[in-house]
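Engineer: Residue numbers (the numbering used here), protein chains in the order written: chain S, 376 to 684; chain R, 376 to 684. Glycine included, every Cβ here is placed at the ideal spot set by N, Cα and C. I have a structure here, written as structure tokens, and I will follow up with some questions on it.
So, in structure tokens, the structure goes:
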């Protein structure tokens with residue numbers, strides 16, 4: 376079983392409007408509400424791959440109940456720790472009159488989480504680790520939790536013999552790596568922010584040294600694929616030509632595939648091939664956290680992986 | 376007890392953003408979620424006046440549960456009939472960088488309601504009428520319910536000896552009036568839409584004839600107050616000078632005050648004085664459905680009411 380930690384889940388609400396009247400009253404043509412947040416995308420991807428998964432996280436208020444109900448509906452097993460605050464919503468407006476980038480998004484920050492609530496979460500987490508083959512920790516921390524939260528959770532997992540995959544940014548990422556994560560998965564912008572300078576393909580691998588302590592750093596390059604710096608060597612995976620779709624969940628699909636490959640004991644080149652293919656298939660699907668099996672299998676044979684020296 | 380019928384309640388979510396980046400990602404500075412829909416504003420106003428009130432309506436899904444929880448929190452008694460669809464959200468973005476009218480609103484339509492669900496609602500409605508002194512029917516109908524829905528509910532109330540106050544628009548308003556509503560409360564635009572021509576203060580009273588069957592027509596004129604055409608005569612109520620605030624709930628406050636005055640047996644001039652004052656006090660408050668007692672009492676002595684011949 377892979378445990379997916381989602382400390383700041385969301386209910387993603389999307390309104391599709393034919394032509395938005397800014398400053399006026401709009402009546403959306405279509406409305407979608409889905410469980411969101413990076414961790415939940417990872418969990419849904421693993422679930423779709425047929426992996427036994429358990430979501431752990433914090434949920435509060437009516438929006439938290441909405442996230443739990445939506446996961447139940449999708450048959451994704453989850454056990455949230457109740458918090459007093461209200462789980463966040465993200466609200467996206469898709470303006471049909473704007474070709475291409477017509478999406479305006481509003482992200483709530485999430486509930487203020489207290490020490491006692493995190494302690495209750497940790498109790499369930501430690502219990503779940505007993506049956507876990509890996510843990511994925513994904514997304515931002517809710518307000519009130521300190522940057523070392525993921526690091527502590529990774530130390531607990533490592534002590535229990537469970538490898539951890541971490542996908543977050545900033546200080547929480549740096550400290551999570553230092554705590555001995557098996558894999559950290561920044562994107563190029565997140566790595567550049569840590570390095571304090573712009574990065575490109577040529578300089579990215581060296582900058583992965585910012586994440587000392589992690590056994591492997593996998594950098595997502597968007598449509599350019601993946602770059603991995605591991606204890607066994609460095610690799611570059613290139614997906615087939617990019618297709619239009621929704622890139623939002625692609626990085627989460629990569630994190631899911633990396634955890635899956637880790638559990639299966641796939642060698643790094645195969646692990647990256649699957650990760651790049653699943654990322655590409657997810658980017659091609661209209662909804663974050665979903666992919667077409669056909670796209671995944673097609674991409675698998677089209678991805679090229681080469682060792683970088 | 377006054378029964379307030381709210382067939383299409385809403386959860387009103389407001390995001391306050393310092394300066395909206397249209398087409399980008401925004402992180403709101405403040406988030407509010409409140410029970411909304413005209414009927415719920417009426418109920419909250421009556422509750423604040425100290426009136427014994429019961430909200431009846433349709434609620435579904437996690438958003439319906441959110442509305443119910445929010446009303447419980449505000450101690451407003453409610454008994455919703457569960458529907459399979461999802462109760463609607465309204466989503467408003469307040470752009471802090473735009474002086475004055477910086478609000479963009481997105482209104483979901485509400486759940487598709489089936490015949491069987493309305494039948495279950497009617498059962499609870501008939502029961503509640505036994506203890507009711509008046510019923511207020513407010514707001515739009517959810518998708519799936521026909522325009523005659525309010526008319527049928529008004530006939531049932533009238534047969535039970537309970538006078539009905541109706542605040543809606545279009546065909547539902549016309550048929551509700553024809554069914555014998557005690558008071559209908561269109562605004563000038565709603566009346567003009569029914570009359571099929573633009574209206575002003577001089578022509579509005581005559582156009583009230585569009586609403587044949589109602590015992591009284593009270594037309595709200597925004598900051599210009601009220602115009603009433605009743606079986607006892609016609610009146611005009613003028614509020615004190617308009618103050619900046621939130622006009623959204625002002626019409627609902629007028630409906631609440633009219634129902635309250637009806638139950639108390641206030642003569643029409645006094646009924647209108649209270650309605651205009653409560654409308655003005657609600658318009659002056661920042662949140663729909665709320666008012667400051669001080670503003671209400673102050674407005675009461677400032678409103679002028681005169682009979683129109």
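Return the first residue and the last residue of the beta strand (DSSP E) that residue 533 (chain S) is part of.
Structural biologist: Per DSSP, residue 533 (chain S) belongs to no beta strand (DSSP E); it is in the alpha helix (DSSP H), 524–534.
Engineer: If the cut is a Cβ gap below 8 Å, which residues of chain S does residue 401 (chain R) touch?
Structural biologist: What residue 401 (chain R) touches in chain S: 479, 480, 481, 482.
Engineer: Considering only residues of the segment 429–490 of chain S, which uninterrupted alpha helix (DSSP H) runs meet the minimum length of 4 residues and lie entirely inside it, listed in chain order?
Structural biologist: Listed in chain order, they are 436–448.
Engineer: Note down, in chain order, all residues in the segment 484–495 of chain R with a beta-carbon under 8 Å from any beta-carbon belonging to chain S.
Structural biologist: Result list: 484.
Engineer: Beta-carbon within less than 8 Å of residue 549 (chain S)'s beta-carbon, same chain only, minus the 5 sequence neighbours each way: which residues are those?
Structural biologist: Excluding sequence neighbours, residue 549 (chain S) sits near 569, 585, 586.
Engineer: Report the rounded CA-to-CA distance for residue 386 (chain S) versus residue 572 (chain R), giving the unit in angstroms.
Structural biologist: Their Cα atoms are separated by approximately 44 Å.
Engineer: Note the first and the last residue of the continuous alpha helix (DSSP H) segment covering residue 637 (chain R).
Structural biologist: Its alpha helix (DSSP H) spans residues 625–639.
Engineer: Quick one, are the C-beta atoms of residue 404 (chain R) and residue 393 (chain R) less than 7 Å apart?
Structural biologist: Contact: yes.
Engineer: Do the segment 445–462 of chain R and the segment 414–434 of chain R make contact, defined as three or more Cβ pairs closer than 8 Å?
Structural biologist: With a cut-off of 8 Å, the segment 414–434 of chain R and the segment 445–462 of chain R count as touching, because enough Cβ pairs lie within range.
Engineer: Going by C-alpha to C-alpha distance, which of R:477, R:509, R:511, R:517 sits closest to residue 489 (chain R)?
Structural biologist: That would be R:517, whose Cα lies nearest to the Cα of residue 489 (chain R).
Engineer: Name the chain C residues that come within less than 9 Å of residue 441 (chain R), Cβ to Cβ?
Structural biologist: Given the protein chain composition of this structure (S and R), no chain C is represented.
Engineer: Kindly list the residues whose CB is nearer than 8 Å to the CB of residue 505 (chain S), restricted to its own chain and excluding five residues on each side of it in sequence; keep chain order.
Structural biologist: Result list for residue 505 (chain S): 535, in chain order.
Engineer: When the Cα atoms are used, what is the spatial distance from residue 447 (chain S) to residue 423 (chain S)?
Structural biologist: Using only the alpha carbons, I get a separation of about 14 Å.
Engineer: Should residue 647 (chain S) be labelled buried (16 or more other beta-carbon atoms within 10 Å of its own) or exposed?
Structural biologist: Classification for residue 647 (chain S): buried.
Engineer: Check whether chain R comes within 7 Å of residue 406 (chain S), counting only Cβ atoms and requiring the distance to be less than that.
Structural biologist: Output row for residue 406 (chain S): interface = yes.
Engineer: With a Cβ-Cβ cutoff of 7 Å, do residue 682 (chain R) and residue 608 (chain R) count as a contact?
Structural biologist: Yes, the pair counts as a contact, with Cβ atoms nearer than the cut-off.
Engineer: Can you check whether the CB of residue 614 (chain R) is closer than 7 Å to the CB of residue 662 (chain R)?
Structural biologist: No, Cβ-Cβ distance for residue 662 (chain R) and residue 614 (chain R) is not below 7 Å.
Engineer: Put residue 595 (chain S) into one of helix, strand or coil per three-state DSSP.
Structural biologist: Three-state result, residue 595 (chain S): strand.
Engineer: Helix, strand or coil for residue 409 (chain S)? Go by DSSP, reduced to three states.
Structural biologist: Residue state, collapsed to three classes: strand.
Engineer: Give me the residue from R:557, R:579, R:558, R:556 with the minimum Cα distance to residue 566 (chain R).
Structural biologist: That would be R:579, whose Cα lies nearest to the Cα of residue 566 (chain R).
Engineer: Helix, strand or coil for residue 542 (chain S)? Go by DSSP, reduced to three states.
Structural biologist: Here residue 542 (chain S) sits in strand by DSSP.
Engineer: Anything in chain R within Cβ reach of residue 425 (chain S), meaning under 8 Å, just list it in chain order.
Structural biologist: Near residue 425 (chain S) there are no residues of chain R at all, since even the closest Cβ is about 28 Å away, more than 8 Å.
Engineer: Mind checking if residue 544 (chain R) is an interface residue toward chain S, Cβ cutoff 7 Å exclusive?
Structural biologist: Judged by the 7 Å Cβ criterion, residue 544 (chain R) is not in contact with chain S.
Engineer: Between residue 652 (chain R) and chain S, is any beta-carbon pair separated by less than 7 Å?
Structural biologist: Not an interface residue.
Engineer: In angstroms, rounded to a whole number, what distance separates the CA positions of residue 582 (chain R) and residue 574 (chain R)?
Structural biologist: Near 8 Å, if we compare the C-alpha coordinates of residue 574 (chain R) and residue 582 (chain R).
Engineer: With DSSP collapsed to three states, give me the class of residue 417 (chain S).
Structural biologist: Here residue 417 (chain S) sits in helix by DSSP.
Engineer: Residue 390 (chain S) versus chain R: which residues are under 8 Å apart at the beta carbon?
Structural biologist: The contacting residues are 466, 481, 483.
Engineer: Does any heavy atom of the ligand NAP sit closer than 6 Å to the C-beta of residue 497 (chain S)?
Structural biologist: Among the components modelled here there is no ligand, and therefore nothing to report on the ligand NAP.
Engineer: DSSP three-state label for residue 521 (chain R), please.
Structural biologist: Coil at residue 521 (chain R), not helix or strand.
Engineer: Count the other CB atoms, across all protein chains shown, that sit within 10 Å of the CB of residue 642 (chain R); report buried if there are 16 or more and exposed otherwise.
Structural biologist: Its Cβ having fewer than 16 others within 10 Å, residue 642 (chain R) is exposed.
Engineer: What does DSSP give as the partner residues of residue 515 (chain S) in its beta bridges?
Structural biologist: Beta-bridge pairing links residue 515 (chain S) to no other residue.
Engineer: Could you check what DSSP says for residue 602 (chain S) in three-state terms: helix, strand or coil?
Structural biologist: Strand, per DSSP.
Engineer: Exposed or buried, which one is residue 639 (chain S) when buried takes at least 16 other CB atoms within 10 Å?
Structural biologist: Residue 639 (chain S) is exposed by the Cβ-count criterion.
Engineer: Just the C-alpha distance for residue 653 (chain S) and residue 415 (chain R), rounded to the nearest angstrom, thanks.
Structural biologist: For residue 653 (chain S) and residue 415 (chain R), the distance between alpha carbons rounds to 47 Å.
Engineer: What does the alpha-carbon distance come out to for the pair residue 378 (chain S) and residue 383 (chain R)?
Structural biologist: For residue 378 (chain S) and residue 383 (chain R), the distance between alpha carbons rounds to 40 Å.
Engineer: Keeping to the same chain, check which residues put their C-beta closer than 7 Å to that of residue 674 (chain R); ignore five residues upstream and five downstream.
Structural biologist: Only 614, 615, 652, 655, 656 meet the Cβ criterion.
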